[in-house]
Amino acid sequence: MSNPFVIVGGGLGGLSTAIHLALQQRSVVLLEKNERLGGKMNIVQEAGYTFDTGPSLLTMPWILRDLFAAAGRNLEDTLELIPLDPICRYIWPDQTQFDFWQNLPGLVQAIDRLNPADVTGLFRFLAYVAPIYQTVADVFLLQPFDGIGDLLTPRLLRDGWRIDAFRTMDQSVQQYFQSPYLRQIFNRYATYNGSSPYLTPATFNVIAYIELVEGGWHVRGGIYRLAQALQQLAENLGVDIRTSSEVCEIRLHRGRACGVTLAGGQQIQSEAVVVNADPRYAYEQLLPGQDTQTRRLQQLEPSCSGFILLLGINRSYKQLQHHNIFFSQDYRTEFEAIFARGVPAPDPTVYVCSTSVTDQGHAPPGHMNLFVLVNAPSLNERYRWEREKEGYRQTIIRKLERMGLSDLSQHIVYEQIITPLDLWQRYHAAAGAIYGLASNNPFVAFLRPPLRARGIKQLYFVGGGTHPGGGIPLVLLSGQSVARRIAIDMPFSVRLRS
Ligand SMILES: Cc1cc2nc3c(=O)[nH]c(=O)nc-3n(C[C@H](O)[C@H](O)[C@H](O)COP(=O)(O)OP(=O)(O)OC[C@H]3O[C@@H](n4cnc5c(N)ncnc54)[C@H](O)[C@@H]3O)c2cc1C
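Each residue of the sequence shown is one higher than the last, beginning at 737 in this note's numbering.
Structure (structure tokens):
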């Protein structure tokens, strides 16, 4: 009997890989250090409030639908996806308010009220990004990536100029929109992969394009339902899931990954090891002696992290939508603080998600649940969260009170603070980064660790730290790509499970 494929980590990347490998009739053991699966997609249920503590917006649901379909299931039989319209309400310090409608007539009207000239700008922007999306989807997203050779395809060499990689997002956004409000909105999409709009390539305008064209969703009951559904799917396919099972070493023999050792000392032999934990953490902690790769990853810039408040409040604020952004006065200064100085912005943009607007069961009647997220620098020597977190919490609450959530501090009946340090400790997110590496330069797609480890056979990576990057849909694609890669590399290790 052959050994199983061992997956280290039960985040969405690990779960997606497990499902795809099980569909290849392989025997799979998935090891997760925490008590629950889902990784950064997590949930807190306390004092009558329910909070999704990680992702709060689902995009590109067709990727999830394809995953269910591959397993012979219909996504909609398991999860109810609720389209959000408006997707987000934006509020500025001067009290300007803008609802970003998903329906085109609504969006056009809203833009027309803000600055009529920008209506044509919107259509020009869509026409500009559409071919970028086509190229990026074909070349970067849907293909297994195993190093620079895989990206230098005839298609990319022919169409590479179309992806606008050598301007920044901000430079391109300025070309299409005059309104400073709309410029700030379209620049915000850089934060969907933890980067700065003043550094990230204009290619990442595809994020705005995808949201504009396809929309954004909540999952009835909470986004965490998605992790539970994937766990159920994996279990039904026979994946052996072991929670509270921390891997402390990946064992190598003659240049091959041959198994893992758990924190309790137990050893599991493997056909191959797929690491869903962050690659930099894995090289630092699980793969002793791999100094060259470790140093290389340590030199790459992590994405930003997040400072999070979970607030259960005993009143409702009628002005809140499901997703809300309270913008900063000076966006550029905010990103300079985070990426150049390594400190949180003194006047941050504050994201507030209240799922109780859509999911009444997420807060007691008349109450609201507020998931408050602020972009924060990755962990560094300059800023000590343990010392500073209370003060920064005050900064955020005061800002929200100033911007319309009057007397917020007096209505908080449940509260939890989650810092970048917690993201490191809970999920082993290197430097507390939410999305793996920052995309603050045009070459990041070539710098990410590939799906197949360099120099070690039968060792693979999956998830936000590898190709194609962070975010729910990309991480699910990563699982599909790594399983395809394994199918090519190891076609004969297929074992029909009983
Ligand atoms: C606050 C926040 C907001 C976000 N918002 C969005 C959003 O709105 N939309 C969106 O699409 N994405 C969002 N994301 C990003 C998204 O959550 C991630 O990109 C995705 O969930 C990452 O999945 P993953 O499988 O790559 O990694 P992870 O979720 O990090 O999973 C890795 C798993 O490995 C486990 N592990 C680590 N070390 C070991 C070990 N030694 N042994 C065993 N197990 C181990 C960890 O515990 C974890 O469960 C957000 C993330 C955060 C934190």
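Note that beta-carbon positions come from the ideal geometry of N, C-alpha and C, so glycine has one too.
Environment of residue i [buried if 16+ CB atoms lie within 10 Å]
i	result
H756	buried
V949	exposed
N972	exposed
F1075	buried
T786	buried
E771	exposed
P933	buried
S1234	For S1234, the predicted model reports a pLDDT of 41, less than 50, meaning its position is unreliable; a value from the coordinates is still stated below. S1234 is exposed by the Cβ-count criterion.
H1059	buried
W1160	buried
E947	buried
G1215	buried
E1122	exposed
S738	exposed
T1085	buried
G852	The residue you asked about is not Gly; residue 852 is Pro in the sequence shown. Counting Cβ neighbours within 10 Å, P852 comes out exposed, since fewer than 16 surround it.
F1182	exposed
G930	buried
L840	exposed
F861	buried
F1228	exposed
D900	buried
D830	exposed
G1025	exposed
Pair within 8 angstroms by beta-carbon distance, residue i and residue j
i	j	result
M777	A938	no
A1112	P1156	yes
E1020	T1030	yes
A758	I743	no
Y928	Y864	no
V1198	L1187	yes
R1051	G1097	no
T1202	R1220	no
E1117	P740	no
Y1053	L1141	yes
A846	D854	no
L811	L800	yes
G749	N1012	yes
Y917	T832	yes
T979	E768	yes
L1136	S1090	no
I977	L766	yes
E1209	M796	In the sequence as displayed, the identity of residue 1209 is Pro instead of Glu. Taking 8 angstroms as the Cβ cut-off, P1209 and M796 qualify as a contacting pair.
L1109	I1044	yes
Q838	L850	no
L751	Q967	yes
R1016	Q1035	no
F1172	G1205	This sequence places Gly at residue 1172; Phe is not what is there. Result yes, Cβ atoms of G1172 and G1205 sit closer than 8 angstroms.
L1022	E985	yes
Per DSSP, cross-strand counterpart(s) of residue i
i	result
L766	I743, I977
G776	Note that residue 776 corresponds to Lys in the displayed sequence, not to Gly. Looking at the DSSP assignment, K776 forms no beta bridge with any residue, so it has no partner.
Y785	E782
L1173	P1038
L1046	F1107, Q1152
L1195	V1009
G995	R987, Q1005
P937	T904
F834	Y826
P852	None, per the DSSP bridge assignment.
W953	L794, P819
R1188	Y1196
Y1087	I1061, L1109
Inter-residue CB distance, residue i and residue j (contact presumed, cutoff 8 angstroms)
i	j	result
Y925	F940	7 angstroms
G746	G775	7 angstroms
L1144	I1133	6 angstroms
Y1163	E782	No, Y1163 and E782 are not in contact; Cβ-Cβ is about 20 angstroms, not under 8 angstroms.
Y1196	V1211	So it is not a contact: roughly 14 angstroms between Cβ atoms.
L935	N1105	No, L935 and N1105 are not in contact; Cβ-Cβ is about 34 angstroms, not under 8 angstroms.
G958	I1192	Not quite, the Cβ-Cβ distance comes to about 38 angstroms (not below 8 angstroms), so this is no contact.
Q914	G857	7 angstroms
* Asked: Pairing CB atoms from the region 1032-1050 with CB atoms from the region 1165-1173, are three or more of them under 8 angstroms?
  -> yes
* Check whether the region 1062-1081 touches the region 949-959, taking contact to mean three or more Cβ pairs, one atom from each stretch, closer than 8 angstroms. => no
* **Cβ contact check for the region 893-904 and the region 865-881: 3 or more pairs under 8 angstroms** => yes
* Given 8 angstroms as the limit, is there contact between the region 810-827 and the region 991-1008, that is, 3 or more CB pairs closer than that? -> no
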